[in-house]
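Undergrad: Residue numbers (my numbering), protein chains in the order written: chain A, 7 to 500; chain B, 205 to 330. Glycine included, each C-beta is placed from N, C-alpha and C at the ideal position. Below you'll find the structure I mean.
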């Protein structure tokens with residue numbers, strides 16, 4: 007067993023990102039294999055960490071041998087080992103997928119692209135693994151800064167979208183930092199475990215309440231919770247397709263993870279649920295996010311933008327599940343972090359493949375996709391069924407748990423929103439499938455030529471198939487995941 | 205009331221600075237003014253953190269003659285808290301990089317649109 011595996015998860019992509027820059031000067035072609043090696047090693051380390059957590063329980067890793075609360079500590083329990091595995095897996099798959107689309111979209115920027123790509127992964131992994139609130143801020147900014155840079159190199163309009171993201175993201179990060187400051191003022195500690203012990207005596211304090219409010223606002227901006235989502239659709243629509251596939255599934259899910267951590271680990275459940283009723287408010291925000299995201303998605307003509315609004319709705323699922331705050335709903339929310347990361351990644355991978363062939367990502371570009379790109383269309387069908395929530399795909403099971411939790415808590419608004427959202431999703435995807443089947447092609451264009459077979463390259467198809475198969479396998483083996491990981495990931499005291 | 209405001213003037217300044225920055229980020233239409241607002245906003249946080257570290261009559265957190273003078277108890281109230289300063293060193297690095305990225309993006313926007321007014325850019329994008 008390797009005792010250093012928690013830190014390796016983060017350090018490997020960090021070091022390799024600089025190696026990328028170094029070797030990229032000599033041979034541009036080296037960047038892609040270096041990136042893949044880094045992501046694969048990081049994935050192995052995170053799997054090893056997850057395995058250790060499952061067999062022996064929570065890991066505490068003291069950086070540099072400094073004991074907490076003075077030093078920075080990495081704490082890996084079931085919840086974040088699980089999220090770490092998701093992040094490193096999705097980034098590895100997207101890394102494999104990136105080659106052709108980067109060659110096509112960003113031919114002269116590959117070196118810098120892969121350098122920043124790895125920094126982005128470092129930031130995301132670091133946010134999840136750390137047990138120190140200030141360290142979390144630093145990683146949050148590493149991830150965000152890399153994200154701004156990656157989005158800017160996208161198509162026309164990306165720069166302004168990215169600039170708006172910088173403004174919103176900085177407000178979010180600064181609010182988070184202020185929250186850290188208020189908590190430090192009152193407790194004198196930055197370590198999450200230490201804070202959890204010190205805070206219960208101070209629950210009446212106004213300082214703590216202000217700090218908590220800043221934390222929640224900052225995280226809500228970073229995870230694009232409605233109505234603070236305005237930066238998301240533009241940014242992820244105009245980003246290069248690989249970047250959308252990496253950022254969109256992961257950045258928002260990491261935000262959801264941080265929210266669970268702050269609500270239930272740093273502050274106890276009795277603070278979040280009983281004293282200030284924060285979770286009740288969150289449940290309503292989740293409900294409105296689901297409805298708003300669904301309705302906005304219906305009115306889009308651009309496929310990527312439609313997926314962006316689906317993300318807003320999916321964040322609503324997770325936040326609503328956290329807000330309902332009974333064990334069933336929280337299990338559903340945690341499971342949905344996994345499912346949504348895979349489904350969103352898969353949707354953007356499909357968007358990237360269609361864009362590779364048609365140079366566009368409008369829904370109208372999907373015309374005839376079933377004839378032209380049958381394998382892409384198969385992947386798309388799997389993920390569409392998963393987002394709608396058809397068993398045995400994974401989307402069904404998390405929705406099921408969320409629904410059960412909502413009914414248990416008698417939170418009818420959330421339950422109705424979930425059911426409505428299923429209908430909306432069905433309508434959304436049938437619109438795309440309708441275009442894809444090429445039924446009305448001759449009416450619209452006047453052309454009678456049959457679409458020719460023109461499939462995306464294998465290096466893009468294989469990652470797509472891996473995610474699609476994973477979506478089905480997660481659905482079939484959901485009980486194993488629940489028994490081994492999610493049962494233990496539910497915060498204590500609920 | 206007046207005493208209350210006066211005795212905590214550093215915190216009031218932090219709030220005022222932060223709100224000026226916040227207004228500039230949201231209200232101004234020029235992209236560089238937005239960046240200036242962003243910088244003000246972040247600098248206000250530095251003032252806040254450093255204020256929390258200060259103590260009346262406190263001195264620099266350097267223990268004099270520590271080596272060779274045995275292990276004597278240190279009176280923590282006599283020294284200002286160094287930790288917020290250290291946190292702010294890190295935060296300054298983060299802020300500088302944010303500023304750098306934001307300026308780089310603005311340059312990219314300017315090259316594409318030849319203007320920094322948000323309204324004008326939006327009109328060009330239509």
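Is residue 65 of chain A helix, strand or coil by DSSP?
TA: Stepping through the first chain from its first residue, residue 65 of chain A is reached at position 59. It is a strand residue.
Undergrad: The alpha helix (DSSP H) that contains residue 79 of chain A, what's its start and end?
TA: Taking the first chain and counting its residues from 1, one reaches residue 79 of chain A at position 73. Here residue 79 of chain A belongs to no alpha helix (DSSP H); instead the beta strand (DSSP E) covers 79–82.
Undergrad: Beta-carbon of residue 211 of chain B versus every beta-carbon of chain A: anything under 8 Å?
TA: As a first step, residue 211 of chain B is located in the second chain; it is residue number 7 there, counting from the start. Not closer than 8 Å to any Cβ of chain A, the Cβ of residue 211 of chain B fails to qualify, so no.
Undergrad: Three-state secondary structure (DSSP) at residue 136 of chain A?
TA: Reading the first chain from its first residue, position 130 is the one you call residue 136 of chain A. Looking at residue 136 of chain A - three-state DSSP - the assignment turns out to be strand.
Undergrad: Could you compute how far the alpha carbon of residue 238 of chain A sits from the alpha carbon of residue 254 of chain A?
TA: Taking the first residue of the first chain as position 1, residue 238 of chain A is located at position 232. Taking the first residue of the first chain as position 1, residue 254 of chain A is located at position 248. Each residue's Cα considered, the two are about 9 Å apart.
Undergrad: Looking at the unbroken alpha helix (DSSP H) that takes in residue 291 of chain B, where does it start and where does it end?
TA: Residue 291 of chain B sits at position 87 when you count from the first residue of the second chain. That run of the alpha helix (DSSP H) goes 286–317.
Undergrad: Since residue 258 of chain B meets chain A, which of its residues come closer than 9 Å, beta carbon to beta carbon?
TA: What you label residue 258 of chain B is simply residue 54 of the second chain in a count that begins at 1. Those do not exist, as residue 258 of chain B stays about 12 Å from chain A at its closest Cβ, beyond 9 Å.
Undergrad: Going residue by residue through the stretch 281–318 of chain A, where are the continuous alpha helix (DSSP H) segments of at least 4 residues, counting only ones entirely within it?
TA: The stretch 281–318 of chain A contains these whole alpha helix (DSSP H) runs: 284–304.
Undergrad: Report the three-state DSSP secondary structure of residue 368 of chain A (helix, strand or coil).
TA: Within the first chain, the letter at position 362 stands for residue 368 of chain A. If DSSP states are grouped into helix, strand and coil, residue 368 of chain A belongs with the strands.
Undergrad: Measuring only the C-alpha atoms, how far is residue 171 of chain A from residue 280 of chain B?
TA: Working through the first chain from its first residue, we reach residue 171 of chain A at position 165. Working through the second chain from its first residue, we reach residue 280 of chain B at position 76. Approximately 42 Å, taken between the alpha carbons.
Undergrad: Please check if any C-beta of chain A sits within less than 8 Å of the C-beta of residue 320 of chain B.
TA: Mapped onto the second chain, residue 320 of chain B falls at position 116. By this cut-off, residue 320 of chain B is not an interface position.
Undergrad: Could you run through the stretch 156–178 of chain A and flag, in chain order, every residue whose CB is less than 8 Å away from some CB of chain B?
TA: Within the stretch 156–178 of chain A, the qualifying residues are 158, 162, 163, 165, 166, 168, 169, 172, 173, 176, 177.
Undergrad: Could you tell me the alpha carbon to alpha carbon distance between residue 226 of chain B and residue 242 of chain B, rounded to whole angstroms?
TA: For this step, residue 226 of chain B is matched to residue 22 along the second chain. For this step, residue 242 of chain B is matched to residue 38 along the second chain. When rounded, the distance between both Cα atoms is 7 Å.
Undergrad: From the DSSP output, in three-state form, read off residue 399 of chain A for me.
TA: Within the first chain, numbered from 1, the residue matching residue 399 of chain A stands at position 393. The answer is coil: DSSP assigns residue 399 of chain A none of H, G, I, E or B.
Undergrad: Among the candidates A:232, A:228, A:193, A:373, whose CA atom is the shortest distance from the CA of residue 214 of chain A?
TA: Residue mapping note: residue 214 of chain A aligns to position 208 of the first chain, counting from 1. With distances taken between Cα atoms, residue 214 of chain A lies closest to A:193.
Undergrad: Label residue 259 of chain A either buried or exposed according to how many other C-beta atoms from any shown protein chain fall within 10 Å of its C-beta, with 16 as the threshold for buried.
TA: Within the first chain, the letter at position 253 stands for residue 259 of chain A. Buried, because 16 or more other Cβ atoms sit within 10 Å of the Cβ of residue 259 of chain A.
Undergrad: Kindly list the residues whose CB is nearer than 6 Å to the CB of residue 217 of chain A, restricted to its own chain and excluding five residues on each side of it in sequence; keep chain order.
TA: As a working note, residue 217 of chain A is residue 211 in the first chain. Result list for residue 217 of chain A: 185, 188, 189, in chain order.
Undergrad: Look at the alpha carbon of residue 299 of chain A and the alpha carbon of residue 305 of chain A, and state the distance between them as a whole number of angstroms.
TA: Indexing the first chain from 1 puts residue 299 of chain A at position 293. Indexing the first chain from 1 puts residue 305 of chain A at position 299. Rounded to the nearest angstrom, the two C-alpha atoms are 10 Å apart.
Undergrad: Does any residue of chain A bring its CB to less than 8 Å from the CB of residue 306 of chain B?
TA: Locating residue 306 of chain B in the second chain gives position 102, counting from the first residue. Yes - at least one Cβ of chain A is within 8 Å of the one on residue 306 of chain B.
Undergrad: Is it the case that the Cβ atoms of residue 398 of chain A and residue 470 of chain A are separated by a distance below 8 Å?
TA: Here the question's residue 398 of chain A lines up with position 392 in the first chain. Here the question's residue 470 of chain A lines up with position 464 in the first chain. No.
Undergrad: Would you give the residue range spanned by the alpha helix (DSSP H) that residue 279 of chain B belongs to?
TA: One-based indexing of the second chain puts residue 279 of chain B at position 75. Counting along the chain, residue 279 of chain B falls outside any alpha helix (DSSP H), and DSSP gives it neither H nor E.
Undergrad: Which residue wins for smallest C-alpha separation from residue 4 of chain A, given the options A:303, A:162, A:229?
TA: As displayed, chain A neither begins before 7 nor continues past 500, which places residue 4 of chain A out of reach and without an answer.
Undergrad: Does DSSP put residue 86 of chain A in a helix, in a strand, or in coil?
TA: One-based indexing of the first chain puts residue 86 of chain A at position 80. Helix at residue 86 of chain A.
Undergrad: Would you kindly report the start and end of the unbroken alpha helix (DSSP H) that includes residue 187 of chain A?
TA: The sequence position of residue 187 of chain A within the first chain is 181, counting from 1. Residues 164–193.
Undergrad: Check whether the Cβ of residue 252 of chain B lies closer than 8 Å to any Cβ atom in chain D.
TA: Looking for chain D here will not work: the only protein chains present are A and B.
Undergrad: Could you have a look at residue 332 of chain A and say whether DSSP puts it in helix, strand or coil?
TA: Translated into the one-based positions of the first chain, residue 332 of chain A becomes position 326. Here residue 332 of chain A sits in coil by DSSP.
Undergrad: Would a C-beta distance cut-off of 8 Å place residue 182 of chain A and residue 224 of chain A closer than the cut-off?
TA: As a first step, residue 182 of chain A must be located in the first chain, where it is residue number 176. As a first step, residue 224 of chain A must be located in the first chain, where it is residue number 218. Yes, these two residues count as a Cβ contact at 8 Å.
Undergrad: Let me make sure I understand the geometry here. Which of B:285, B:206, B:240, B:257 has the alpha-carbon closest to that of residue 222 of chain B?
TA: If you number the second chain from 1, residue 222 of chain B lands on position 18. Checking every option, the nearest Cα to that of residue 222 of chain B belongs to B:240.
Undergrad: Decide if residue 369 of chain A is buried, meaning its Cβ has at least 16 other Cβ atoms within 10 Å, or exposed.
TA: In the first chain, residue 369 of chain A corresponds to position 363, counting from 1. Residue 369 of chain A is buried by the Cβ-count criterion.
Undergrad: To the nearest angstrom, report how far apart residue 413 of chain A and residue 424 of chain A are at their CA atoms.
TA: As a position in the first chain, residue 413 of chain A is number 407, starting the count at 1. As a position in the first chain, residue 424 of chain A is number 418, starting the count at 1. Each residue's Cα considered, the two are about 11 Å apart.
Undergrad: For residue 354 of chain A versus residue 438 of chain A, is the C-beta spacing smaller than 8 Å?
TA: On the first chain, residue 354 of chain A is found 348 positions in, with the first residue counted as 1. On the first chain, residue 438 of chain A is found 432 positions in, with the first residue counted as 1. In this structure, residue 438 of chain A does not lie closer than 8 Å to residue 354 of chain A by Cβ.
Undergrad: Evaluate the contact criterion for the stretch 86–93 of chain A versus the stretch 334–349 of chain A: three or more CB pairs, one atom per stretch, below 8 Å.
TA: Cβ pair count under 8 Å is three or more, so yes.
Undergrad: Starting from residue 21 of chain A, trace the alpha helix (DSSP H) in both directions and tell me its first and last residue.
TA: For the purposes of this step, residue 21 of chain A is taken as residue 15 along the first chain, with counting starting at 1. Segment 11–32, the alpha helix (DSSP H) holding residue 21 of chain A.
Undergrad: Taking just the CA atoms, how far does residue 286 of chain A sit from residue 224 of chain B?
TA: Counted from its first residue, the second chain places residue 224 of chain B at position 20. Counted from its first residue, the first chain places residue 286 of chain A at position 280. For residue 224 of chain B and residue 286 of chain A, the distance between alpha carbons rounds to 33 Å.
Undergrad: Suppose you measure from the CA of residue 207 of chain B to the CA of residue 214 of chain B; what does that come to, to the nearest Å?
TA: Locating residue 207 of chain B in the second chain gives position 3, where the first residue counts as 1. Locating residue 214 of chain B in the second chain gives position 10, where the first residue counts as 1. Cα to Cα, residue 207 of chain B sits roughly 13 Å from residue 214 of chain B.
Undergrad: Give the residues of chain A in contact with residue 238 of chain B, contact being defined as C-beta atoms less than 7 Å apart.
TA: Along the second chain, one-based indexing puts residue 238 of chain B at 34. Residues of chain A passing the Cβ test: 173.
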